[in-house]
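Asks: This is the structure I have questions about; it appears just below.
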Amino acid sequence: MSLVATSGDAPFARELAALDTMLHIRLLEEKITELRKAQSIQGSIHLCIGQEAIYAGSCQALRADDPVFSTYRGHGWALARGVPAQGILAELLGRESGVCRGRGGSAMFSAADHGFYGENSIVGAGAPIACGAALASVLRGEERVALTAFGDGAMNQGAIHEAMNFAAYRDLPVLFICENNTYAELTPVAETVRDAELHKRAAAYGMPGERVDGNDVAAVRDCVAHHAARARGGQGPALIEMMTQRLVGHYYGDLQGYRPRGELAEARQREPIARLRQRLAADGVAADTLAALEAAAAADIARAAEAALAAPLADPATVMEHLYA
Amino acid sequence: MPEASSSTGVAQLSFGKAVNAALARALEDMPEVVLYGEDVGKPGGVFGVTKDLQRQAGAARVFDTPISETAMLGVAVGAAMSGLRPVVEIMWIDFSLVAMDQLVNQAANVRYVSAGRLAAPLTVRTQQGATPGSCAQHSQNLEALYAHIPGLRVGIPATAQDAYDMLLAAIRCDDPTLVIENRAMYHGDPQPVSLGGPIEDACGARVARPGRDLTLVAWGAMLFQALEAAAQLAREGIEAEVINARWIAPFDWPTLLASAGRTGRLLVAHEANVTGGFGAEIAARVQDELYGRLRAPVRRLGVADCRIPAAPHLQAALIPDAGRIAQAARELVGEQRDRRTQP
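If you read the sequences in order, they're chains A and B. 1 is the number of the first residue of the first sequence in my numbering; add one for each residue after it. 326 is the number of the first residue of the second sequence in my numbering; add one for each residue after it.
Rendered as structure tokens:
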């Protein structure tokens, strides 16, 4: 990822880097939408447009070797961890150069060499797995913090509860990140729980629970940094509920008839990229810097898509490879 | 009598103590091994199989968990992906269904979906089968469910030596592996077990008794019924070759096909339900591969498709035993004789 900034922008380097990541995620997903529309990418895809601050902010607070476990809405997490856009696009296009040689697809790819231990298309299932990574970290003395991200809907899965208790009773360094975009697939989460303040459930497991504005990249970063430091210091897990909204459907093709009139327009007022851009402009970052950042990100994604489309398809002769050691 | 602490040579061990010896060796030889489950640490397991291991390896590596099978197996997946070799005890295989997601959707997918960039070398130890008084949620034989899943290895040790060798093979193996033990045998008579030898691969059947007239294939507790049946048949002049299948997945087809191809007759006996049981897979595969060379159709014996009752005499009405295996074998051999006498 290229960071375009002048020396005068140095005090804003962290924020500009976050903006750069968020722009890359947004543009990548717009490209994915385009390729899906053209049928170059097939099958269901789940986009995170509108939620980018969660990924950019969280990953800024993590160490490069901290393992991240996401849901099927994971393109943003992967990119924020530094997985190349070309490898992601090639994966979605079924290419040999895809990060998983076309075996993972949009909803189940991983890139462990970038600390991205994978998406998961079973709701809630990644949380116990993250506990295992944290257990390994402790036993091997590696001081790595495992981050597991899931939606508000997953908060009602047994696996999440088992994982939170497991991490808590063993003081494991796990950050449970609830990306609360207020919809469990197509159903408002508030309609399926008695108390929609989901972070309060942390108290039942004896760990800190916090709610932050998930569209504010600095708030996300600070909160994750605080709890990651606690976890690394042996003080155990935390549950962080990050409030956000997706600006697109649950999946590509979701007509979103379930969303009240005006909700999306209102959400766009709070969306994280425009918000950060405005704040940086107000703080004195030159308009040229911001425009150049955006142009560079667009060029990056265009190049990545071109290269991915030109790459050979994964070889069917290898389809049985990797089943057993 | 030498105890499980003997690390080399031949010791007289019960099946359960052979499991314990394998775990002790794995913990000693492989620092990346961790062992956990419900009651396995301090209490040493409800069947006593993990006794003293926490004392030997420490509470960081051998520990007790909450009653949370999904968390236990999910933790194993993540820990295995991160360089540990977790060995998890699922107390009864029936309880593995609570956490089947972590075995089928997660563990079995790790290597394939990541194109080999990640692996989940975990071992699940569990036990199955009906024993007198065990209720319907504590008596199922579920090996076919897991054998159906590519990416998983499924082993069913029958002897104390198998228990020792196969568990070590599973722990050393880089794939997710399910080792299904037999609680009826945990506290059985001590058998000679060779300890400290090289660790074998997590595959491979054994000829438990050679013979020329028909092949009997069985696994787990059913092996002993098959051997007993073979002894009965031998007194009548019928020489049955008995195969201890050991690993159900991946299955050792060459060993079975060689035997069935030579004897021309095959009888599968298992304790699982007949419909969709692994015997069905064996029958289909063998008939496909040996069509024209068999002297009789492949036969299967299993439990009638029924839930398992608790009452011992009702269980006995369902589960094949040596007598029924021998009778089916006589019919198989007779069928060929009958055919030969047809004009």
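Here a beta-carbon is modelled for each residue, glycine too, at the ideal position from N, C-alpha and C.
Quick check on the burial criterion: 16 or more other C-beta atoms within 10 angstroms. Buried or exposed for A636 (chain B)?
Replies: As a first step, residue 636 (chain B) must be located in the second sequence, where it is residue number 311. Exposed is the call here.
Asks: Can you check whether the CB of A53 (chain A) is closer than 7 Å to the CB of V217 (chain A)?
Replies: Indexing the first sequence from 1 puts residue 217 (chain A) at position 217. Indexing the first sequence from 1 puts residue 53 (chain A) at position 53. Inclusion of V217 (chain A) and A53 (chain A) in the CB contact set at 7 Å is warranted, their separation being smaller than that value.
Asks: Using a Cβ-Cβ distance cut-off of 7 Å, determine whether P128 (chain A) contacts chain B.
Replies: Residue 128 (chain A) sits at position 128 when you count from the first residue of the first sequence. Cβ-Cβ to chain B under 7 Å: yes for P128 (chain A).
Asks: Would you verify that the beta carbon of F12 (chain A) is, or is not, closer than 7 Å to some beta carbon of chain B?
Replies: Here residue 12 (chain A) is taken as the residue at index 12 of the first sequence, counted from 1. Not one chain B Cβ lies under 7 Å of F12 (chain A).
Asks: Against T502 (chain B), what residues of chain A qualify as contacts under a CB-to-CB distance less than 7 Å, listed in chain order?
Replies: Counted from its first residue, the second sequence places residue 502 (chain B) at position 177. Simply none; closest approach about 10 Å.
Asks: Determine contact between the segment 188–203 of chain A and the segment 152–159 of chain A, defined as no fewer than three beta-carbon pairs at a distance below 8 Å.
Replies: yes
Asks: Look at A597 (chain B) and A469 (chain B) and say whether their C-beta atoms are less than 7 Å apart.
Replies: Looking up residue 597 (chain B) in the second sequence gives position 272. Looking up residue 469 (chain B) in the second sequence gives position 144. Yes, the pair counts as a contact, with Cβ atoms nearer than the cut-off.
Asks: Between I415 (chain B) and the rest of its own chain, which residues show a CB-CB distance below 8 Å, the 5 nearest in sequence each way excluded?
Replies: Position 90 of the second sequence, counted from the first residue, corresponds to residue 415 (chain B). The answer, listed in chain order, is G362, E394, M397, L398, S421, A424, V449, R450, T451.
Asks: Just mark Y324 (chain A) as buried or exposed, buried being the case when its beta carbon has 16 or more other beta carbons within 10 Å.
Replies: For the purposes of this step, residue 324 (chain A) is taken as residue 324 along the first sequence, with counting starting at 1. It is buried - the Cβ of Y324 (chain A) has at least 16 other Cβ atoms within 10 Å.
Asks: Whose C-beta lies closer than 7 Å to the C-beta of V344 (chain B) among residues of the same chain, with five residues either side of it excluded?
Replies: Taking the first residue of the second sequence as 1, we reach residue 344 (chain B) at position 19. Excluding positions up to five away in sequence, the list reads V374, A488, L492, E506.
Asks: Taking the beta carbon of M547 (chain B) as the centre, do at least 16 other beta carbons fall within 10 Å, making it buried, or is it exposed?
Replies: Counting from 1 along the second sequence, the entry for residue 547 (chain B) is found at position 222. With 16 or more Cβ atoms within 10 Å of its Cβ, M547 (chain B) is classed as buried.
Asks: Along chain A, which residues have their Cβ under 7 Å away from the Cβ of P475 (chain B)?
Replies: Locating residue 475 (chain B) in the second sequence gives position 150, counting from the first residue. By Cβ distance, chain A contributes L323.
Asks: Is it true that the CB of V435 (chain B) sits closer than 7 Å to the CB of Q486 (chain B)?
Replies: Residue 486 (chain B) sits at position 161 when you count from the first residue of the second sequence. Residue 435 (chain B) sits at position 110 when you count from the first residue of the second sequence. Cβ distance not < 7 Å, so Q486 (chain B) and V435 (chain B) don't count as in contact.
Asks: What are the boundary residues of the beta strand (DSSP E) that includes H463 (chain B)?
Replies: Stepping through the second sequence from its first residue, residue 463 (chain B) is reached at position 138. Element bounds for H463 (chain B): n/a, residue is neither H nor E.
Asks: Taking 8 Å as the threshold, find out whether the segment 402–412 of chain B comes into contact with the segment 129–147 of chain A through three or more Cβ pairs.
Replies: yes
Asks: Which residues in the same chain as W417 (chain B) place their Cβ atom closer than 6 Å to its Cβ, once the five residues preceding and following it in sequence are excluded?
Replies: Here residue 417 (chain B) refers to the residue found at position 92 of the second sequence. Cβ within range, chain order: H463.
Asks: Taking a cut of 9 Å between CB atoms, which residues from the segment 477–499 of chain B lie near chain A?
Replies: The residues in question are R478, C498, D499.
Asks: List, in chain order, every chain A residue whose beta-carbon is nearer than 7 Å to that of Y437 (chain B).
Replies: On the second sequence, residue 437 (chain B) is found 112 positions in, with the first residue counted as 1. Residues of chain A passing the Cβ test: R103, H322, L323.
Asks: Assign P482 (chain B) to one of two classes, buried (16 or more other C-beta atoms within 10 Å of its C-beta) or exposed (fewer than that).
Replies: Against the second sequence, residue 482 (chain B) aligns to sequence position 157. Counting Cβ neighbours within 10 Å, P482 (chain B) comes out buried, since at least 16 surround it.
Asks: Put L591 (chain B) into one of helix, strand or coil per three-state DSSP.
Replies: Against the second sequence, residue 591 (chain B) aligns to sequence position 266. L591 (chain B): strand per DSSP, three-state reduction.
Asks: Please list, in chain order, the chain B residues whose beta carbon lies closer than 7 Å to that of Y108 (chain A).
Replies: The residue labelled residue 108 (chain A) in the question sits at position 108 within the first sequence. The residue asked about is misnamed: residue 108 (chain A) is Met in this sequence, not Tyr. Under the 7 Å cutoff, chain B gives V438.
Asks: Please list the partners that C131 (chain A) has in chain B, where partner means a Cβ-to-Cβ separation under 8 Å.
Replies: Translated into positions along the first sequence, residue 131 (chain A) becomes position 131. Under the 8 Å cutoff, chain B gives A396, G399, V400, G403.
Asks: Of all the options A:M243, A:A146, A:A80, A:A287, which has the alpha carbon lying nearest to the alpha carbon of T182 (chain A)?
Replies: Reading the first sequence from its first residue, position 182 is the one you call residue 182 (chain A). Cα-wise, what sits closest to T182 (chain A) is A:M243.
Asks: Examine chain B for any beta-carbon lying closer than 7 Å to the beta-carbon of M242 (chain A), and answer yes or no.
Replies: Within the first sequence, numbered from 1, the residue matching residue 242 (chain A) stands at position 242. M242 (chain A) does not count as touching chain B.
Asks: Counting only the same chain and skipping the five closest in sequence on each side, list residues whose C-beta sits under 6 Å from that of G87 (chain A).
Replies: Counted from its first residue, the first sequence places residue 87 (chain A) at position 87. Taken in chain order, the residues that qualify are V99.
Asks: Please report the distance separating the alpha-carbon of V412 (chain B) from that of G262 (chain A).
Replies: In the second sequence, residue 412 (chain B) corresponds to position 87, counting from 1. In the first sequence, residue 262 (chain A) corresponds to position 262, counting from 1. Between the alpha carbons of V412 (chain B) and G262 (chain A) lies a distance of about 53 Å.
Asks: Please tell me whether, using a cut-off of 6 Å, the distance from the CB of A85 (chain A) to the nearest non-hydrogen atom of the ligand GDP is below it.
Replies: In terms of ligand content, the structure shown is empty, and the ligand GDP therefore cannot be addressed.
Asks: State yes or no: is the C-beta of A551 (chain B) within less than 7 Å of the C-beta of V532 (chain B)?
Replies: As a position in the second sequence, residue 551 (chain B) is number 226, starting the count at 1. As a position in the second sequence, residue 532 (chain B) is number 207, starting the count at 1. Taking 7 Å as the Cβ cut-off, A551 (chain B) and V532 (chain B) do not qualify as a contacting pair.
Asks: Report, in whole angstroms, the separation of the C-beta atoms of E119 (chain A) and Y55 (chain A), which I expect to be a contact under 8 Å.
Replies: For the purposes of this step, residue 119 (chain A) is identified with residue 119 of the first sequence, where counting begins at 1. For the purposes of this step, residue 55 (chain A) is identified with residue 55 of the first sequence, where counting begins at 1. Contact doesn't hold; Cβ gap of about 13 Å is too wide.
Asks: Using a Cβ cut-off of 7 Å, pull out every chain B residue sitting near P140 (chain A), in sequence order please.
Replies: Against the first sequence, residue 140 (chain A) aligns to sequence position 140. Before going further, note that residue 140 (chain A) is Arg rather than Pro in the sequence given. Ordered by position in chain B, the residues that pass the 7 Å Cβ test against R140 (chain A) are G408.
Asks: Quick check for students: name the residue ranges of the beta strand (DSSP E) that lie wholly in the segment 505–563 of chain B, counting only runs of 3 or more.
Replies: 516–520, 531–534, 539–543
Asks: Since I believe L477 (chain B) is in contact with L541 (chain B) (beta carbons under 8 Å), could you give me their beta-carbon distance rounded to a whole number of angstroms?
Replies: Along the second sequence, read from residue 1 onward, the residue named residue 541 (chain B) stands at position 216. Along the second sequence, read from residue 1 onward, the residue named residue 477 (chain B) stands at position 152. In fact, because the Cβ distance is near 26 Å, the residues do not count as touching under 8 Å.
Asks: For L447 (chain B), tell me which candidate among B:I524, B:A385, B:L360 has the shortest Cα-Cα distance.
Replies: Numbered from 1 along the second sequence, position 122 holds the residue referred to as residue 447 (chain B). Nearest of B:I524, B:A385, B:L360 to L447 (chain B), Cα basis: B:L360.
Asks: Determine the chain B residues that contact E162 (chain A) at a beta-carbon separation under 7 Å, and present them in chain order.
Replies: Translated into the one-based positions of the first sequence, residue 162 (chain A) becomes position 162. Within 7 Å Cβ-Cβ: S393, T395, A396.
Asks: Using three-state DSSP, classify N120 (chain A) as helix, strand or coil.
Replies: Here residue 120 (chain A) corresponds to residue number 120 of the first sequence, with the count starting at 1. Coil.
Asks: So, does the CB of N165 (chain A) fall closer than 7 Å to a CB anywhere in chain B?
Replies: On the first sequence, position 165 is the one that residue 165 (chain A) refers to. Yes, N165 (chain A) counts as interfacial toward chain B.
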